Every structure is written in structure tokens, then in C-alpha cells.
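Since the structure comes first, as C-alpha cells, the remarks are kept for the end.
Protein chains: 2
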Amino acid sequence: MTERVAVVGAGQTRFGVLPSSPRALLREALGEALASVDRGLDPGRIDEGYLASLGFGGWQIGNPAALLAEALPHPGMPVLHVEDACASGGGGLRTAYQVLRGGSADLVVVAGLEKMSDNPPLRRRYWLGVSGETEFERLCGLTFAGVYALMAERYLRERAIGREVLGAVAVKNHENGALNPKAHFQKRITREDHENAPPVAEPLGLFDCCPVSDGAAAVVLARGSVARQLTDSPVWLEGFGGASDTLALAGRESLTSLAATRRAVREAFRQAPFEPRKVQLAEVHDCFTIAELLALEDLGLVPEGEGPAWTLEGRTGLTGELPVNASGGLKAKGHPLGATGVGQFVELFHQLRGEAGKRQVPEAERGLAHNIGGSGATCTVALLSR
Amino acid sequence: MTERVAVVGAGQTRFGVLPSSPRALLREALGEALASVDRGLDPGRIDEGYLASLGFGGWQIGNPAALLAEALPHPGMPVLHVEDACASGGGGLRTAYQVLRGGSADLVVVAGLEKMSDNPPLRRRYWLGVSGETEFERLCGLTFAGVYALMAERYLRERAIGREVLGAVAVKNHENGALNPKAHFQKRITREDHENAPPVAEPLGLFDCCPVSDGAAAVVLARGSVARQLTDSPVWLEGFGGASDTLALAGRESLTSLAATRRAVREAFRQAPFEPRKVQLAEVHDCFTIAELLALEDLGLVPEGEGPAWTLEGRTGLTGELPVNASGGLKAKGHPLGATGVGQFVELFHQLRGEAGKRQVPEAERGLAHNIGGSGATCTVALLSR
Numbered sequence: 002m003t004e005r006v007a008v009v010g011a012g013q014t015r016f017g018v019l020p021s022s023p024r025a026l027l028r029e030a031l032g033e034a035l036a037s038v039d040r041g042l043d044p045g046r047i048d049e050g051y052l053a054s055l056g057f058g059g060w061q062i063g064n065p066a067a068l069l070a071e072a073l074p075h076p077g078m079p080v081l082h083v084e085d086a087c088a089s090g091g092g093g094l095r096t097a098y099q100v101l102r103g104g105s106a107d108l109v110v111v112a113g114l115e116k117m118s119d120n121p122p123l124r125r126r127y128w129l130g131v132s133g134e135t136e137f138e139r140l141c142g143l144t145f146a147g148v149y150a151l152m153a154e155r156y157l158r159e160r161a162i163g164r165e166v167l168g169a170v171a172v173k174n175h176e177n178g179a180l181n182p183k184a185h186f187q188k189r190i191t192r193e194d195h196e197n198a199p200p201v202a203e204p205l206g207l208f209d210c211c212p213v214s215d216g217a218a219a220v221v222l223a224r225g226s227v228a229r230q231l232t233d234s235p236v237w238l239e240g241f242g243g244a245s246d247t248l249a250l251a252g253r254e255s256l257t258s259l260a261a262t263r264r265a266v267r268e269a270f271r272q273a274p275f276e277p278r279k280v281q282l283a284e285v286h287d288c289f290t291i292a293e294l295l296a297l298e299d300l301g302l303v304p305e306g307e308g309p310a311w312t313l314e315g316r317t318g319l320t321g322e323l324p325v326n327a328s329g330g331l332k333a334k335g336h337p338l339g340a341t342g343v344g345q346f347v348e349l350f351h352q353l354r355g356e357a358g359k360r361q362v363p364e365a366e367r368g369l370a371h372n373i374g375g376s377g378a379t380c381t382v383a384l385l386s387r
Numbered sequence: 002m003t004e005r006v007a008v009v010g011a012g013q014t015r016f017g018v019l020p021s022s023p024r025a026l027l028r029e030a031l032g033e034a035l036a037s038v039d040r041g042l043d044p045g046r047i048d049e050g051y052l053a054s055l056g057f058g059g060w061q062i063g064n065p066a067a068l069l070a071e072a073l074p075h076p077g078m079p080v081l082h083v084e085d086a087c088a089s090g091g092g093g094l095r096t097a098y099q100v101l102r103g104g105s106a107d108l109v110v111v112a113g114l115e116k117m118s119d120n121p122p123l124r125r126r127y128w129l130g131v132s133g134e135t136e137f138e139r140l141c142g143l144t145f146a147g148v149y150a151l152m153a154e155r156y157l158r159e160r161a162i163g164r165e166v167l168g169a170v171a172v173k174n175h176e177n178g179a180l181n182p183k184a185h186f187q188k189r190i191t192r193e194d195h196e197n198a199p200p201v202a203e204p205l206g207l208f209d210c211c212p213v214s215d216g217a218a219a220v221v222l223a224r225g226s227v228a229r230q231l232t233d234s235p236v237w238l239e240g241f242g243g244a245s246d247t248l249a250l251a252g253r254e255s256l257t258s259l260a261a262t263r264r265a266v267r268e269a270f271r272q273a274p275f276e277p278r279k280v281q282l283a284e285v286h287d288c289f290t291i292a293e294l295l296a297l298e299d300l301g302l303v304p305e306g307e308g309p310a311w312t313l314e315g316r317t318g319l320t321g322e323l324p325v326n327a328s329g330g331l332k333a334k335g336h337p338l339g340a341t342g343v344g345q346f347v348e349l350f351h352q353l354r355g356e357a358g359k360r361q362v363p364e365a366e367r368g369l370a371h372n373i374g375g376s377g378a379t380c381t382v383a384l385l386s387r
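For the protein sequence lines, the chains are A and B, in the order given.
The numbers in the working numbering rise by one with no breaks, and the one at position 93 of the first sequence is 94.
The numbers in the working numbering rise by one with no breaks, and the one at position 369 of the second sequence is 370.
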């Protein structure tokens, strides 16, 4: 007999280029998460802690999970560092969900942390590139943007459309980010800005790429009976799928669909009591604009083939029928790798509780979070409801 | 209602300086683990995979958990890379135990993998040193051997004994390693070899330090009902504790006792149906000889203060009343970081099934595995029975 699992607290630092140390970022996110638990929570009650990170500071600090017990603070708490490239946050959250469901713990904290700006630019490029495939991609000179550019090139050709659909994603996500005080970029851009931006890896230009961000995020998860003691407004986890794929694009059947996303979302809905069309808002992994377009159809949020039309017609905008990346997404909210997937939960926690301020999606009851590692070698999909 | 969990298969490569690639090492260990499942197992049935690694090859391959699905092979399987410094294996195994206990999965594979010899010597020293504390230890010039040397110095002074007790650990573990065809060092040493070895960090000499090894290990875990379908000789997990401590020695109350070990073992025995004195053999984390001495008393395997006497009198030897590190331990079997904790399970799987060949502990029914990260900032303790 498995029990339900809920998010009872969530917090995060602003994402961006931040002066704070990793320890300080972690403390800030954990402090905000604990403070958001309606009836308060003694950190000493938490049973397990997962730290999602690719290795802030280029692994200057080893065994980093121990920092989580120190920062909470909860000296002695069992901790584990988890990593699935940029899906590290989703991987940690899904594991927490499984452990809680079975009753091996009452309360688990999952934190994500990255301090990218401590790395010099070449080192940063390495940390991003290494998340793709190494032998047949990175060491042959393919950058991480280049990997997604191959997907974008193929997508635009197959659909016989132009770069303006990529621009529509960028403009929308910057618009949402401008309403998010925690976003890395809080400014609007125009379609002309997108069109005229310097190329990074054709057809992707500067505004097709998410920024390299520092940041931390933290979420407190509880099993059902405990969640009800801590808050009258838990956010329920209704399903959580995970999947993998080959590291290299060359091993895959398609360049314009991520099999790991399709597998993970199928598993998530197999567990959940509602269908894809009942999802009212989604945080999807838009490390590059093309990734949001792939996600719309892979996740079953829009009918096959209709991603571009939905995007160009504004149906995925904040006031559209399916707001996607109301937070600004990786594109504008920012992408501190390990903290990204945890940050998606922070957004959905506030949205589903009606606490999202200027970017609130009205009467949002059911949301989806989609987190990708590398170019789709790892993926998690979570379904949440209020 | 939680279910029991069992080990149903286990395998590993030889530990040592190996020419094989990370992918080849992983395939070999997984192949041996699958082949050891008595009634066979289709890898496609496995629900989850955890890859324990600190980062073989200095993170030349990112998102490494995806390699696990590829190597098993089980395309698409959800995978997670876990890391708790040298306790990564234990951390992955403990998470698998929790997930299986609650029924979120039927079958989980945990693999450990490290390819240390691909790193040049300075890089290797970095990978080891980074697992200790960074700001107050490593960057101040304290090596990882130096950290344990501080503990050893204090231990010998408090107990008013000489280095010969460290030598007794080294001689015993080399003796056991000589009986293990998978060990890095398969040769005996004498007390004189230990005494006359070049110093590394006083009072620790060359034979007080484990080697830097390559290797992979893999274990298949199943929940009780599934385990019974797959084998008539499952090895049951009776308890599994985890704990953490400060990264820096300076933050701790004692230099001669690891609080994380004490916390983890207390939790493990709280779950188990037997007492410490019922343990018949133990694989403990002897990255340095001093670590085995600390473990004996911290784990409650010998009475407080009696670790040196038990060791010098041979009571922890293969034919003694409590064989410790029958495999050779990290000292002689070798220490491929992430694979070490998984390798301890491989040893206990064979010992408890009576398959350990020349180093078989007669009629072994109950065993303990103890895995440490860094200088004790993370720790797991598992109790197994046949």
C-alpha cells in the first residue's frame, strides 16, 4: 500500500550571476523553503536529503551532499548527491517521491545548487559540453549548442518553417521572466532582437540559448499524513516518470523527438488520476528554444505537428489556454543546472497555491514539470495538483 | 507495510590498474551480476538503475548514469548517478533498498565504476583530496593521507601503542587479498615490510594506504516476493543505516571516532532482527589501516578500547572469531572509489552463499558492510543475512 506524496515547502535564490558562495546560496534556498511550510518545520525532523548538482565550482568541493546537512541545519542527516546532468533536480525529486511513497521516510528535502560563474569561460563550456556525448560529439568539436542546433535545423526543415517560431518561444519566455523577481533575465525582448542576434550555432542565435546561471532551489516533500499536519495547502505529486536514452544523437531514431521524454511522460500519466489535456500549465526544459518546441509534442501537451502553430498563435503564452514556462523557463528564469529541476517545482508550488504574483496562471490546479539531462539522455516528468 | 529486500545477483571486475575502458568495465561487472542470478534474469525487467561513481576519467564522460542503461542493456531504463565521495556505492545501495522496500520497484541494479588510472598522478591526488574538506584542509596543503594521519597520530597517542597495530591490519588484509582472485594486490607482506616502508604521512607509511584502483562492481536487488522467484539463495538486507558529519575534522568532537559511523550503525541495528555480537564477518572501510581500527569500535563489533588487542591477537583474521575484510579490504582488494561499496556487497553475497572459495568464512550467516565517504562526512552501514 503506497501513500500519496506532497510538496509542503519550496524556496529558491534568484537565478543569475551571483556573488554569494555555494554554502550561502544553499542556506538561502533552504531557509526560504523551510519558512514556506505553513505551520513551520523543525529541520531536525527531516529524514533524508538529496543534493542535485553537476559540480559547482568545477568540483572544488567534493562530497557536497554533506553541505546539505550542514546548511539545513541537521547535523548527521543521511545525505546523497545525485546527478543526471541537467535533469539532476528531477532525478533527486523522483527518488524522494519513491522513497516517501513506500514509507521509508516521512520528510525529505531536495536541494539543487550550482555556482557556474566561479568557473572561467572555457571551463564553463567544458561543464556544459560534458553533459552531452563525449567520444562521438564533444571530442569531435560539437558544442552543446551545436547538438541542439542539429535538432533545430532538422525540425525547421521537416516542418518547412522559419526561425520565427524559435523567436516566438524566446519572446514569450522573456515576457514571463520579466514578471518573475527571481529570474536571471527580467527584461522583454522583441522578435527583431531575436532575429538580429549574433548566431551561436546556426540556426540558433544568442536569444535561442539559456544563460549560464548560479543559483539554488530547495523543496520539502512529505508523505500524505505528515503533509496534512504541516499545511492545509499541500501540492500533491500525482505521478513521476523517469527514463533514459543513448548519450549520442547518432544512436537515436529521431532528431526531432526525445524518446526519454515520451517514455517518462507515459509513466507519469500511468500513475496519475488525470489525462494530458487536463494539464493547465507546464514548466518544460527549454535550454534552447527548440527544446520547448520538441517538448510540447513529446509531452502530449499539444497534438502532434501543432507545436509551431500553438506557439506562434500565443496559445502557450501566460494568458493562453496552456501557459508554458510561466516562470520564464530556463531561457529567461535561468539555468543553474542542478537547481533547474528543483526550481521548476518551486514555480509550480507557488502557481498551484495561487502565490505566483504577476505571473499567476488563474485557477491553476494541475501542472507538469519536465527536466532533461544532456541532449535527452536522461529525463523526468512530474505531475502536480493542488 | 514494507517488504523485505534481497540481493539476488552480484559481480565485479578484478580491481587494479586495468587497460579496459569504463564502458567495458561496466559491461563486465553487469554481465557477471546477471549471470549469477540463479534462475536467470532478463535485464529488461529491471525497474531502476543507480550508478555510483566519483567521476572516472576526471569526468570526461558526463551524465554517466546513461551508460548503465546502455551497458545492461536496457534502453530507456530510468537511471541516476549517485555520489557520496567514497561512500557512493553504499549511498546507491541504501537508496535502492528504500525504494524497493516501499514497493516503488521490483528490481533495481546498483553499479559502481571508477577509472582512476586514466588520470595523471596530480589529477588523481586532486580527485582523492577533493573528497575531504576543501577550504580548511585541502587548500591549506593537507593531503587525504594527511587527514587520516592526524587521526592515526592521535589514536596511537591516546592508546599509548606503537605503529605495529597498524602493521597488523596491513599484514592481515594482504593475507586475505592473496586468496582473492579479484584483488588488486594478491601478495602477502610481512610486519617488517610494513615497518620499513617509506613514510607517506607520518605515522602512515606506504603499506598503511590503499591503492588507487580501477574497477567496476554491480549488484541486483529485488523485493522479497520477486527475489524468491529468482533464486533459492537470496541474501537478505536486514538493516541499512546512513548518516553524515561535517566535512572538516575541525568541526568534530573526536579525531578517534567517526560520528557518522556510529549514527549509521545504530540505525542499521534498529531495523535488524539481530544484535552486533551476532555479526560473523564484516567488510569495513579501510582506506588507511587506521580506518579499520576506528571502525571496529565505532561499529560496536569489538568492545570499546579493545580494537588493538583484537587486531594484534589475530581475532579479526580469516580464522579468528570475527573475520574483518576477508576480501582483502580496500587495503589489498583495492579501492576504485564508487565501486568499493558495491564490491563489499559482492563479497558478502558470495560469503553468505558459501561461494567465497579459499577465503570462505565457514558457516557465515550474518555480515556487515561499512562504507565511508571522505574522512567520515558520509557513511552507510548495511546488515545482510543468508
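Glycine included, C-beta positions come from ideal geometry on N, C-alpha and C.
Only a predicted model underlies this, so the values are computations on that prediction, with no experimental measurement involved.
Next item on the list: Look up B/Pro-122 in the DSSP assignment and say whether it is helix, strand or coil.
Entry: The count along the second sequence starts at 1 and reaches residue 122 of chain B at position 121. In the structure shown, B/Pro-122 falls within a helical segment according to DSSP collapsed to helix, strand and coil.
Note to self: Bridge partners for B/Val-214 per DSSP, in chain order?
What the structure shows: Reading the second sequence from its first residue, position 213 is the one you call residue 214 of chain B. Note that residue 214 of chain B is Ser in the sequence shown here, rather than Val. None; B/Ser-214 has no bridge partner.
Note to self: Could you give the first and the last residue of the continuous alpha helix (DSSP H) run that contains A/His-175?
What the structure shows: Along the first sequence, one-based indexing puts residue 175 of chain A at 174. A/His-175 -> alpha helix (DSSP H) spans 165 to 178.
Notebook entry, point to check: Taking the alpha carbon of A/Leu-1 as the point to measure from, which residue in A/Gly-329, A/Leu-26 and A/Gly-335 has its own alpha carbon closest?
Noted result: Past the edges of chain A, shown from 2 to 387, lies residue 1 of chain A, and the structure says nothing about it.
Check: How about A/Gly-315 and A/Leu-294: are their beta carbons less than 7 Å apart?
Finding: By one-based count along the first sequence, residue 315 of chain A stands at place 314. By one-based count along the first sequence, residue 294 of chain A stands at place 293. No. Outside cutoff.
Note to self: Let me confirm a value: A/Ser-105 is counted as buried when at least 16 other C-beta atoms fall within 10 Å, else exposed. Which label applies?
What the structure shows: Counting from one through the first sequence, the residue named residue 105 of chain A turns up at place 104. A/Ser-105 is buried by the Cβ-count criterion.
Check: Buried or exposed: B/Ser-226, going by 16 or more other Cβ atoms within 10 Å of its Cβ?
Finding: One-based indexing of the second sequence puts residue 226 of chain B at position 225. Around the beta carbon of B/Ser-226, fewer than 16 other beta carbons sit within 10 angstroms, so the residue counts as exposed.
Notebook entry, point to check: If B/Leu-94 sits next to B/Gly-342, beta carbons under 8 Å apart, how far is it from one beta carbon to the other, in whole angstroms?
Noted result: Within the second sequence, residue 94 of chain B is the residue found at index 93, counting from 1. Within the second sequence, residue 342 of chain B is the residue found at index 341, counting from 1. Contact holds; Cβ gap of about 7 Å.
Notebook entry, point to check: Is B/Thr-341 close to chain A, meaning its C-beta is less than 7 Å from at least one C-beta of that chain?
Noted result: Reading the second sequence from its first residue, position 340 is the one you call residue 341 of chain B. Contacts with chain A at 7 Å (Cβ-Cβ) do not include B/Thr-341.
Next item on the list: Return the residues of the segment 240 to 264 of chain B that lie within a Cβ-Cβ distance of less than 9 Å from chain A, sorted by chain order.
Entry: The residues in question are Gly-242, Gly-243, Ala-244, Ser-245, Asp-246, Thr-247, Leu-248, Gly-252, Ala-260, Ala-261 and Arg-264.
Checklist line | Nonlocal neighbours in the same chain, by C-beta distance under 6 Å from B/Ala-218, ignoring five residues either side | finding: Taking the first residue of the second sequence as position 1, residue 218 of chain B is located at position 217. The answer, listed in chain order, is Gln-13, Ala-30, Gly-113, Ala-340, Val-343, Gly-344 and Val-347.
Notebook entry, point to check: Can you list, in chain order, the residues of its chain whose CB lies under 6 Å from that of A/Gly-374, leaving out five sequence neighbours each side?
Noted result: Position 373 of the first sequence, counted from the first residue, corresponds to residue 374 of chain A. Asp-85, Ala-86, Cys-87 and Ala-88, listed in sequence order.
Check: If A/His-404 and A/Ala-333 are in contact, beta carbons under 8 Å, what's the gap, nearest whole angstrom?
Finding: For residue 404 of chain A there is no data in the structure shown, the boundaries of chain A being 2 and 387.
Item checked: Where B/Leu-26 sits in the DSSP three-state scheme -> Your numbering for residue 26 of chain B matches position 25 in the second sequence. Taken through DSSP and simplified to helix, strand or coil, B/Leu-26 comes out as helix.
Notebook entry, point to check: Under 9 Å Cβ-Cβ, which residues of chain B neighbour A/Asp-215?
Noted result: Here residue 215 of chain A is taken as the residue at index 214 of the first sequence, counted from 1. By Cβ distance, chain B contributes nothing, its closest Cβ being about 18 Å from A/Asp-215, past 9 Å.
Next item on the list: Look at the alpha carbon of B/Asp-287 and the alpha carbon of B/Gly-321, and state the distance between them as a whole number of angstroms.
Entry: Here the question's residue 287 of chain B lines up with position 286 in the second sequence. Here the question's residue 321 of chain B lines up with position 320 in the second sequence. Those two C-alpha atoms are separated by around 18 Å.
Note to self: In the DSSP output, which residue or residues are listed as bridge partners for A/Asn-372?
What the structure shows: Locating residue 372 of chain A in the first sequence gives position 371, counting from the first residue. In the DSSP output, where bridge partners are listed per residue, A/Asn-372 has A/Thr-381.
Note to self: Just to check my reading of the structure: B/Val-201 and B/Ser-118 have Cβ atoms closer than 8 Å, yes? What is that Cβ distance to the nearest angstrom?
What the structure shows: In the second sequence, the residue the question calls residue 201 of chain B occupies position 200. In the second sequence, the residue the question calls residue 118 of chain B occupies position 117. Not a contact, Cβ separation roughly 19 Å.
Check: For B/Asp-85, does the three-state DSSP call read helix, strand or coil?
Finding: Sequence index remark: in the second sequence, residue 85 of chain B carries index 84 (1-based). Annotated three-state conformation of B/Asp-85 is strand, per DSSP.
Margin query: Looking at the strands, I want to know which residues DSSP matches up with B/Pro-200.
Written below: Translated into positions along the second sequence, residue 200 of chain B becomes position 199. In the DSSP assignment, the residues bridged to B/Pro-200 are B/Gly-206.
Check: Are there three or more Cβ pairs, one per stretch, closer than 8 Å when the segment 131 to 139 of chain B is compared with the segment 227 to 236 of chain B?
Finding: Output reads no: the segment 227 to 236 of chain B does not touch the segment 131 to 139 of chain B.
Margin query: Considering only DSSP beta bridges, list what A/Arg-367 is partnered with.
Written below: Translated into positions along the first sequence, residue 367 of chain A becomes position 366. In the DSSP output, where bridge partners are listed per residue, A/Arg-367 has A/Ser-386.
Check: Of all the CB atoms in chain A, is at least one closer than 7 Å to the CB of B/Ser-226?
Finding: Locating residue 226 of chain B in the second sequence gives position 225, counting from the first residue. Chain A, which has no Cβ nearer than 7 Å to the Cβ of B/Ser-226, makes this no.
Next item on the list: Return no unless some Cβ of chain B is closer than 7 Å to the Cβ of A/Thr-232.
Entry: Here residue 232 of chain A is taken as the residue at index 231 of the first sequence, counted from 1. Closer than 7 Å: no.
Next item on the list: Output, in chain order, the set of chain B residues within a Cβ distance shorter than 7 Å of A/Glu-71.
Entry: Locating residue 71 of chain A in the first sequence gives position 70, where the first residue counts as 1. Correct list: Thr-247.
Check: Run through DSSP, which three-state label would A/Val-80 get?
Finding: Numbered from 1 along the first sequence, position 79 holds the residue referred to as residue 80 of chain A. For A/Val-80, the three-state secondary structure derived from DSSP is strand.
Check: In or out: A/Ala-72 buried (at least 16 other Cβ within 10 Å) or exposed?
Finding: By 1-based counting over the first sequence, the position of residue 72 of chain A is 71. Buried is the call here.
Item checked: Residue environment, B/Glu-191, which counts as buried when at least 16 other CB atoms sit within 10 Å -> As a first step, residue 191 of chain B is located in the second sequence; it is residue number 190 there, counting from the start. Note on identity: in this sequence residue 191 of chain B is Thr, with Glu being the wrong assignment. Classification for B/Thr-191: exposed.
Item checked: the segment 242 to 252 of chain B contacting the segment 137 to 149 of chain B, beta-carbon criterion three pairs below 8 Å -> Contact holds: three or more Cβ-Cβ distances are below 8 Å.
Checklist line | Which of helix, strand or coil DSSP assigns to A/Phe-289 | finding: To locate residue 289 of chain A, count along the first sequence from 1; it is residue 288. The answer is strand: DSSP assigns A/Phe-289 an E or B state.
Next item on the list: Can you tell me which of B/Ala-25, B/Ala-261, B/Glu-356 and B/Ala-7 puts its alpha carbon nearest to the alpha carbon of B/Val-382?
Entry: Counted from its first residue, the second sequence places residue 382 of chain B at position 381. Comparing Cα-Cα distances from B/Val-382 to each of B/Ala-25, B/Ala-261, B/Glu-356 and B/Ala-7, the minimum goes to B/Ala-261.
Notebook entry, point to check: What three-state label does DSSP hand B/Gln-281 in the structure shown?
Noted result: For the purposes of this step, residue 281 of chain B is taken as residue 280 along the second sequence, with counting starting at 1. Coil, per DSSP.
Margin query: Just verifying my parser: in three-state terms, what is the DSSP assignment at A/Leu-49?
Written below: Position 48 of the first sequence, counting from 1, holds the residue named residue 49 of chain A. The residue you asked about is not Leu; residue 49 of chain A is Glu in the sequence shown. Three-state result, A/Glu-49: strand.
Next item on the list: State the start and end residues of the unbroken beta strand (DSSP E) segment that holds B/Ser-245.
Entry: Looking up residue 245 of chain B in the second sequence gives position 244. Counting along the chain, the beta strand (DSSP E) containing B/Ser-245 begins and ends at 236 to 245.
Next item on the list: Flag this pair as yes or no: are the beta carbons of B/Pro-324 and B/Val-362 separated by less than 7 Å?
Entry: Counting from one through the second sequence, the residue named residue 324 of chain B turns up at place 323. Counting from one through the second sequence, the residue named residue 362 of chain B turns up at place 361. The Cβ atoms of B/Pro-324 and B/Val-362 lie closer than 7 Å to each other.
Notebook entry, point to check: Count the other CB atoms within 10 Å of the CB of B/Arg-40; is the residue buried (16 or more) or exposed (fewer)?
Noted result: For this step, residue 40 of chain B is matched to residue 39 along the second sequence. By the neighbour-count rule (16 or more Cβ atoms within 10 Å), B/Arg-40 is not buried but exposed.
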